[in-house]
Amino acid sequence: MSRFLKACRREASDATPIWLMRQAGRYMVEYRTLREKYTILEIIKTPELACEVTMQPINAFDLDAAIIFADILPPLEGMGLELEFVKGEGPVIHNPVRAAADVERLVVRPPQEALSFTLEAIKLARAELDSRSIPLIGFSGAPFTLASYAVEGGGSRNRQHVKGMMMGHPDAWHALMTKLSEVAGHYLLAQAQAGAQALQLFDSWVGELSPDDYAQYVMPYSKRALDIAKQAGVPVIHFGTNTNGMLHHIRDAGGDVIGVDWRIRLDDAWAQLGDSVAIQGNLDPVALFAPWEALKTRAQGILDQAAGRPGHIFNLGHGILPTTPVDNVRRLVDFVHEYTSSNASK
Ligand code: CP3
1 MSRFLKACRR
11 EASDATPIWL
21 MRQAGRYMVE
31 YRTLREKYTI
41 LEIIKTPELA
51 CEVTMQPINA
61 FDLDAAIIFA
71 DILPPLEGMG
81 LELEFVKGEG
91 PVIHNPVRAA
101 ADVERLVVRP
111 PQEALSFTLE
121 AIKLARAELD
131 SRSIPLIGFS
141 GAPFTLASYA
151 VEGGGSRNRQ
161 HVKGMMMGHP
171 DAWHALMTKL
181 SEVAGHYLLA
191 QAQAGAQALQ
201 LFDSWVGELS
211 PDDYAQYVMP
221 YSKRALDIAK
231 QAGVPVIHFG
241 TNTNGMLHHI
251 RDAGGDVIGV
261 DWRIRLDDAW
271 AQLGDSVAIQ
281 GNLDPVALFA
291 PWEALKTRAQ
301 GILDQAAGRP
311 GHIFNLGHGI
321 LPTTPVDNVR
331 RLVDFVHEYT
341 SSNASK
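Take the sequence shown: its position 330, counted from the start at 1, is 330 in the UniProt record's numbering, and no numbers get skipped.
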């Protein structure tokens, strides 16, 4: 079994596995070249192109897992929302969900119908990855992070609209979150059935909530999505940022591996999470811009915090940034392997 899948199961292996959130993307010249010809949605919706982009970082670096090239937002398009990636601005939903009637209009379609392009891309990528024994990760946005885009209509500083619905219109909120948890859960399950060997639920914006609001208004829906995904029998990674005050809730919602960011020490997070889960993280993505020696010291600091405890997957605390120097990515990946395999033999 691969290092990555072993670590998901908290089993020891020959070295600490590493992959990077958003490892396929603009910091790579191969990606930028393809993007001159196609929009991001064209790449995502053309299985051959999505497969090609999935393989770009795998061909360039000694990574321990691939993640299918997609985005968390196409499932919202499948529900009837009009999605556009606007240059320089990020994603925009032109008809955001603001009232109960908007929630009612959202359709829950089977992923085989609404998201067949990603399921097809998974089959193609698996065929290429199998010959190299590299596992493939499928993913979905979590209900709260999806709701945040669906209700705000794009990125947002204070998340006034989405929290406004949560706090002021509980019936509409619960109806919305019920639909989103079904979509996310079945999308994850379908990705595993198409060939993904692990799954990650991205709750990138959940740290905007108080722990009590998370427990009451969000956790049951993340749990529902994770329970559906679990039927696949593959390991599930549950990732959020800014989750320091609610790690126990994140763990209790589900997931074999909990992803944490750099705002907490890895060993403190793991102590809080306990023995029942593996951990993924947690280098600040900005550290990749530092001179190599400084970056190496930081990576080493994280690896030392996990030393002696199987079940650490090295990753960033959030997605890799668009102008990250490629040389540092290569050196980081190799260093994580070298440092942990020499430690193991001591
Ligand atoms: O990890 C991978 O290599 C798989 C690809 C992947 C993308 N998006 C491709 C992408 C993954 C896992 C995502 C997840 C995603 N998308 C999240 C959760 C993770 C996170 O970073 O918090 C979120 C919140 C989104 C929504 C999204 N997609 C935003 C806010 C943006 C615009 C901001 C930006 O980075 O430009 C995107 C666009 C996007 N998705 C890009 C990529 C490579 C860049 C767009 C481009 O090519 O022009």
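Every residue gets a Cβ at the ideal spot worked out from N, C-alpha and C, and that includes glycine.
Everything numeric in this text was worked out from a predicted model, so none of it was measured.
Select from Thr297, Pro75, Ala100 and Ala65 the residue whose C-alpha is nearest the C-alpha of His174. When only C-alpha atoms are compared, the closest one is Ala100.
Output yes or no for whether 9 Å exceeds the beta carbon distance between Ile279 and Ile250. Not in contact: Ile279 and Ile250 (Cβ atoms no closer than 9 Å).
Measuring from the CB of Gln93, is there a heavy atom of the ligand CP3 at a distance below 8 Å? Residue identity check: residue 93 is Ile in the sequence provided, not Gln. No, the Cβ of Ile93 stays beyond 8 Å of every heavy atom of the ligand CP3.
Residues in the same chain with beta-carbon distance under 6 Å from Leu209, minus the five sequence neighbours each way, listed in chain order, please. Nothing meets the Cβ criterion.
Have a look at Ile137, Asp203, Ser222 and Glu89 and flag the residue whose alpha-carbon is nearest the alpha-carbon of Asp261. Nearest neighbour of Asp261 by Cα position, chosen from Ile137, Asp203, Ser222 and Glu89, turns out to be Asp203.
Have a look at Ser13, Asp14 and Tyr27 and flag the residue whose alpha-carbon is nearest the alpha-carbon of Leu321. In terms of Cα proximity to Leu321, the closest of Ser13, Asp14 and Tyr27 is Tyr27.
Straight-line Cα distance separating Ser276 from Lys6: When rounded, the distance between both Cα atoms is 15 Å.
Please indicate yes or no: does the CB of Thr241 lie closer than 8 Å to some heavy atom of the ligand CP3? Taking 8 Å as the cut-off, one finds at least one heavy atom of the ligand CP3 near enough to the beta carbon of Thr241.
Quick check: what's the CA-CA separation for Glu104 versus Leu115? Answer to the nearest angstrom: the Cα atoms are 21 Å apart.
For the alpha helix (DSSP H) containing Asn59, name the first residue and the last one. From DSSP, the alpha helix (DSSP H) with Asn59 extends over Pro47 to Ala60.
Short Cβ contact (9 Å threshold) for Ala225 with Ala192: Not a contact, by the Cβ cut-off of 9 Å.
Which value, in whole angstroms, describes the spacing of the CA atoms of Val206 and Glu84? When rounded, the separation of the alpha-carbon atoms in Val206 and Glu84 is 23 Å.
Within the present structure, is the beta-carbon of Ala73 separated from the nearest heavy atom of the ligand CP3 by less than 8 Å? Before going on, a small fix: residue 73 reads as Leu here, not Ala. In this structure, Leu73 has its beta carbon less than 8 Å from a heavy atom of the ligand CP3.
Looking only at its chain, what residues have a beta carbon closer than 7 Å to the beta carbon of Ala287, apart from the 5 residues adjacent to it on each side? If we look at Ala287 and ignore the five residues flanking it on each side, its Cβ neighbours are Leu295 and Arg298.
Hey, would you say the C-beta of Tyr339 is under 8 Å away from at least one heavy atom of the ligand CP3? For the ligand CP3, no non-hydrogen atom lies closer than 8 Å to the CB of Tyr339.
Among Tyr221, Gly233, Ile264 and Asp252, which one has its Cα closest to the Cα of Asn242? The residue with the shortest Cα to Cα distance from Asn242 is Ile264.
Return yes when the Cβ of Thr340 is within less than 9 Å of the Cβ of Phe289, no when it is not. Not closer than 9 Å, so no.
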